[in-house]
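> So the sequence lines, in the order shown, correspond to chains A and B.
Residues in the first sequence are numbered consecutively from 1, following the UniProt record's numbering.
Residues in the second sequence are numbered consecutively from 1, following the UniProt record's numbering.
We put the CB at the ideal spot given by N, CA and C, even for glycine.
Computed from a predicted model, the values in this text were never measured in an experiment.
Protein chains: 2
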Amino acid sequence: MGTTQLEAVPEPKYWHLRTVLTEALDSEFAVGEILPNERDLAARFGVARATLRQALEQLELEGRLQRRRGVGTTVAPPRVGVAVGTEQHAWPGAAGDVWQAADCVLAVPPATVAAALETGVDTPVLTVRRSRVSHGQPVAAELLYVPEASVPDLSGIDAPSGAARARAVLRALQRLELESRDSAVELGSARADDAKELDRLPGAPVLVVTTRFLADGRTAALSVATYRADTCRLTFGDAGGVEIHQDPERAAS
Amino acid sequence: MGTTQLEAVPEPKYWHLRTVLTEALDSEFAVGEILPNERDLAARFGVARATLRQALEQLELEGRLQRRRGVGTTVAPPRVGVAVGTEQHAWPGAAGDVWQAADCVLAVPPATVAAALETGVDTPVLTVRRSRVSHGQPVAAELLYVPEASVPDLSGIDAPSGAARARAVLRALQRLELESRDSAVELGSARADDAKELDRLPGAPVLVVTTRFLADGRTAALSVATYRADTCRLTFGDAGGVEIHQDPERAAS
DNA sequence: GAGTGGTCTAGACCACGCG
DNA sequence: GCGTGGTCTAGACCACTCA
Numbered sequence: 001m002g003t004t005q006l007e008a009v010p011e012p013k014y015w016h017l018r019t020v021l022t023e024a025l026d027s028e029f030a031v032g033e034i035l036p037n038e039r040d041l042a043a044r045f046g047v048a049r050a051t052l053r054q055a056l057e058q059l060e061l062e063g064r065l066q067r068r069r070g071v072g073t074t075v076a077p078p079r080v081g082v083a084v085g086t087e088q089h090a091w092p093g094a095a096g097d098v099w100q101a102a103d104c105v106l107a108v109p110p111a112t113v114a115a116a117l118e119t120g121v122d123t124p125v126l127t128v129r130r131s132r133v134s135h136g137q138p139v140a141a142e143l144l145y146v147p148e149a150s151v152p153d154l155s156g157i158d159a160p161s162g163a164a165r166a167r168a169v170l171r172a173l174q175r176l177e178l179e180s181r182d183s184a185v186e187l188g189s190a191r192a193d194d195a196k197e198l199d200r201l202p203g204a205p206v207l208v209v210t211t212r213f214l215a216d217g218r219t220a221a222l223s224v225a226t227y228r229a230d231t232c233r234l235t236f237g238d239a240g241g242v243e244i245h246q247d248p249e250r251a252a253s
Numbered sequence: 001m002g003t004t005q006l007e008a009v010p011e012p013k014y015w016h017l018r019t020v021l022t023e024a025l026d027s028e029f030a031v032g033e034i035l036p037n038e039r040d041l042a043a044r045f046g047v048a049r050a051t052l053r054q055a056l057e058q059l060e061l062e063g064r065l066q067r068r069r070g071v072g073t074t075v076a077p078p079r080v081g082v083a084v085g086t087e088q089h090a091w092p093g094a095a096g097d098v099w100q101a102a103d104c105v106l107a108v109p110p111a112t113v114a115a116a117l118e119t120g121v122d123t124p125v126l127t128v129r130r131s132r133v134s135h136g137q138p139v140a141a142e143l144l145y146v147p148e149a150s151v152p153d154l155s156g157i158d159a160p161s162g163a164a165r166a167r168a169v170l171r172a173l174q175r176l177e178l179e180s181r182d183s184a185v186e187l188g189s190a191r192a193d194d195a196k197e198l199d200r201l202p203g204a205p206v207l208v209v210t211t212r213f214l215a216d217g218r219t220a221a222l223s224v225a226t227y228r229a230d231t232c233r234l235t236f237g238d239a240g241g242v243e244i245h246q247d248p249e250r251a252a253s
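(1) Since Trp99 of chain B contacts Arg130 of chain B with CB under 8 Å, what's their CB separation in whole angstroms?
(2) What do you reckon, are the CB atoms on Thr219 of chain B and Ala83 of chain B nearer than 7 Å?
(3) Would you mind giving the Cβ-Cβ distance between Ala111 of chain A and Val121 of chain A, rounded to the nearest angstrom? I have them listed as a contact below 8 Å.
(4) Count the C-beta pairs between the region 207-218 of chain B and the region 184-191 of chain B that are closer than 8 Å, then say yes if the count reaches three, no if not.
(5) Rounded to whole angstroms, how far is the Cβ of Leu214 of chain A from the Cβ of Arg181 of chain A, which I believe are closer than 8 Å?
(6) Given a cut-off of 7 Å, decide if Ala195 of chain B and Leu201 of chain B are closer than it, judged by their beta-carbon atoms.
(7) With a cut-off of 7 Å, does the C-beta of Glu118 of chain B fall near any C-beta of chain A?
(8) Any Cβ of chain A within less than 7 Å of the Cβ of Trp15 of chain B?
(9) Measuring only the C-alpha atoms, how far is Cys104 of chain A from Glu62 of chain B?
(10) Any beta-carbon of chain A closer than 7 Å to the one on Pro202 of chain B?
(11) Return the Cβ separation of Tyr145 of chain A and Leu170 of chain A in integer angstroms, given the expectation that the two are a contact with Cβ distance under 8 Å.
(12) Under a CB-based cut-off of 7 Å, is Phe236 of chain A close to chain B?
(13) With DSSP run on the structure shown, which of helix, strand or coil describes Phe29 of chain A?
(14) Apart from the five residues on each side of it in sequence, which residues of its chain come closer than 8 Å, Cβ to Cβ, to Thr73 of chain B?
(15) Within this structure, are the beta carbons of Leu41 of chain B and Leu52 of chain B separated by less than 7 Å?
(16) Determine the contact status of Ala94 of chain B and Ala163 of chain B, defining contact as a CB-CB distance below 7 Å.
(17) Are the CB atoms of Ala225 of chain B and Ala140 of chain B within a distance shorter than 7 Å?
(18) Between A:Thr127, A:Glu142 and A:Ala76, which has its C-alpha nearest Ala30 of chain A's C-alpha?
(19) When you compare the CB positions of Thr119 of chain B and Pro152 of chain B, do they come within less than 7 Å of one another, or not?
(20) Could you check whether Val80 of chain B and His135 of chain B sit closer than 7 Å to each other, using their CB atoms as the reference points?
(21) Got a sec: which bits of the region 78-104 of chain B sit with their beta carbon under 7 Å from any beta carbon on chain A, in order along the chain?
(22) Among A:Leu178, A:His16 and A:Ala48, which has the Cα closest to the Cα of Gly217 of chain A?
(23) State yes or no: is the C-beta of Gln58 of chain B nearer than 6 Å to some heavy atom of the ligand MG?
(24) Check each candidate in A:Thr22, A:Arg228 and A:Glu23 and name the one with the smallest Cα separation from Arg132 of chain A.
(25) Note the first and the last residue of the continuous alpha helix (DSSP H) segment covering Arg132 of chain A.
(26) So that I know if they touch, is there some Cβ in chain B lying closer than 7 Å to that of Ala185 of chain A?
(27) To the nearest angstrom, how far is it from the Cα of Ala221 of chain B to the Cα of Glu142 of chain B?
(28) Put Ala76 of chain A into one of helix, strand or coil per three-state DSSP.
(29) Can you tell me where the alpha helix (DSSP H) with Arg49 of chain A in it begins and where it stops?
(30) Buried or exposed: where does Asp230 of chain A fall if 16 or more other Cβ atoms within 10 Å of its Cβ makes it buried?
(31) Rounded to a whole number of angstroms, what is the C-alpha to C-alpha distance between Gly46 of chain A and Arg233 of chain B?
(32) Please confirm if Leu61 of chain A has its CB atom under 7 Å from at least one CB of chain B.
(33) Report all residues from its chain with a CB closer than 6 Å to the CB of Tyr14 of chain B; omit the five preceding and five following residues, and keep chain order.
(34) Could you work out which residue in B:Asp199, B:Ala190, B:Leu198 and B:Leu21 is closest to Pro205 of chain B when comparing CA atoms only?
(35) Got a sec: which bits of the region 35-58 of chain A sit with their beta carbon under 7 Å from any beta carbon on chain B, in order along the chain?
(36) Using a cut-off of 8 Å between C-beta atoms, extract the partners of Val205 of chain B located in chain A.
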């Protein structure tokens with residue numbers, strides 16, 4: 001027979017903390033409210049600061065908290081839905097596009113991009129930098145790679161770089177017939193430059209959306225867009241997406 | 001004029017470590033190879049184990065490493081692409097579906113799900129559990145919520161629960177006319193039950209895909225699918241997605 | 001039982017935002 | 001200058017896998 005096991009699977013402290021804090025956030029805190037600082041919270045729960053931080057990291061990952069150095073930890077608003085898969089058959093920069101073209105240079109892309117574009121590994125391609133703002137907050141940074149071969153009628157434009165050239169490249173793309181586009185979403189961590197643009201620290205979790213634009217039977221452009229994973233919910237499909245985020249630690253049985 | 005600033009922004013040790021390790025992985029290690037253990041690695045780089053672990057965590061998040069307690073740290077294979085947005089106008093369980101129905105119970109769903117289904121907060125709905133395997137590895141766990149009102153002709157089926165009932169529910173859905181579906185992708189952390197099914201620890205990063213199925217002008221079913229973020233690349237759109245993952249710490253200018 | 005990664009502690013100092 | 005979160009250390013013990 002043996003004794004009944006009550007605490008058969010003692011969960012880690014940080015995980016239990018996460019649960020407790022989640023419930024507290026749901027019931028006792030308003031969006032934007034400032035939490036006690038980490039040292040106080042750790043003392044209150046009787047754990048080391050590192051352990052408390054592990055719980056806070058989880059909650060930040062889940063979009064429940066926002067931490068800013070020198071300021072404090074605040075309760076985050078619900079994630080904003082950002083449309084990614086609508087306008088299924090439009091080039092970047094088409095009417096109604098929510099992106100802001102920032103710059104355009106001619107540069108050798110990363111090897112993985114060169115492979116997808118089927119250009120040589122040392123062939124420079126037009127590289128357009130764009131950014132996306134939603135509700136006053138930067139939510140995404142994009143690099144759009146366009147082989148010069150895709151926009152032959154661009155040659156002769158004077159501006160060697162800058163926002164004007166970026167817009168010219170986008171306009172040139174509109175003149176092509178878009179066959180199809182497909183995307184992939186994966187988790188990544190923000191590189192230094194993206195992190196700066198997204199107002200985060202390097203290594204912050206991001207959702208990387210890679211989109212390939214097909215025209216004339218080949219990849220005419222490739223977009224690598226980096227979204228803040230803590231604040232964004234990417235929506236695809238016919239309507240605006242579903243207003244749900246996962247319920248913490250609650251099974252359905 | 002003042003002195004030139006050489007090390008103006010000294011990057012954190014763990015970030016530098018991540019970069020060094022990434023390069024080592026690219027050049028000196030094969031997929032599946034086992035890395036030295038954490039204590040040795042930390043000593044080799046002259047840092048505390050916690051600092052080394054911070055770098056390894058980043059790399060695991062990026063899908064470059066796989067760590068298993070009691071075993072060791074191995075070099076991960078490239079992420080597998082899993083199609084999410086294809087068969088745009090099909091119900092779950094349609095022909096060619098890659099999911100494995102496991103169970104079906106009648107239970108009260110989380111409040112957020114009840115809201116999306118427009119059922120009462122205390123109304124039980126049919127809850128189908130399915131799992132998805134790719135390349136011999138579990139990649140996703142799904143909960144499919146189906147209000148009983150969506151499948152009225154199901155009443156009378158005897159099996160109160162189990163895989164048989166799950167399949168019956170899916171078959172009943174096929175008989176409805178699907179108007180449209182839309183999805184959203186966001187970052188989450190695995191709850192205990194999902195973590196177990198995905199062979200990960202609780203809190204592991206996951207990509208949560210929420211899909212709403214519309215029929216007869218209302219939400220006939222709601223799917224919440226949890227994908228392993230470390231091993232999966234979710235693909236949407238016409239073709240199979242793009243075989244790219246972001247180049248570590250390399251700007252395009 | 002030996003060896004691995006996972007958790008936790010109690011400190012220290014640093015970088016940043018703001019008054 | 002003060003308070004915040006971010007980084008880092010040097011330990012300890014635990015949970016797990018496998019020979």
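Taking the geometry as given:
(1) 4 Å
(2) no
(3) 6 Å
(4) yes
(5) The Cβ separation is near 7 Å, so the contact holds.
(6) yes
(7) With respect to chain A, the C-beta atom of Glu118 of chain B has no partner C-beta closer than 7 Å.
(8) yes
(9) Cα to Cα, Cys104 of chain A sits roughly 28 Å from Glu62 of chain B.
(10) Yes, because at least one Cβ of chain A sits closer than 7 Å to the Cβ of Pro202 of chain B.
(11) Not confirmed; about 13 Å, so no contact.
(12) yes
(13) coil
(14) Ile34, Leu35, Asn37, Glu38, Leu56, Leu65, Gln66 and Arg67, listed in sequence order.
(15) Yes.
(16) No; because the gap between Cβ atoms is not below 7 Å, this pair is not in contact.
(17) yes
(18) A:Ala76
(19) no
(20) yes
(21) Arg79, Gly81 and Gly85
(22) A:Leu178
(23) The ligand MG is absent from the structure shown, which contains no ligands of any kind.
(24) Among A:Thr22, A:Arg228 and A:Glu23, the Cα nearest to that of Arg132 of chain A is on A:Arg228.
(25) Premise fails: Arg132 of chain A lies in the beta strand (DSSP E), Val125 to Ser134, not in any alpha helix (DSSP H).
(26) Reading off the sequence, residue 185 of chain A comes out as Val, not Ala. Closer than 7 Å: yes.
(27) 13 Å
(28) coil
(29) Segment Arg49 to Leu61, the alpha helix (DSSP H) holding Arg49 of chain A.
(30) buried
(31) 40 Å
(32) yes
(33) Thr51, Gln54 and Ala55
(34) Nearest option by C-alpha distance: B:Ala190.
(35) Gln58
(36) Looking at the sequence provided, one finds Pro at residue 205 of chain B rather than Val. Correct list: Leu61, Leu187 and Pro205.
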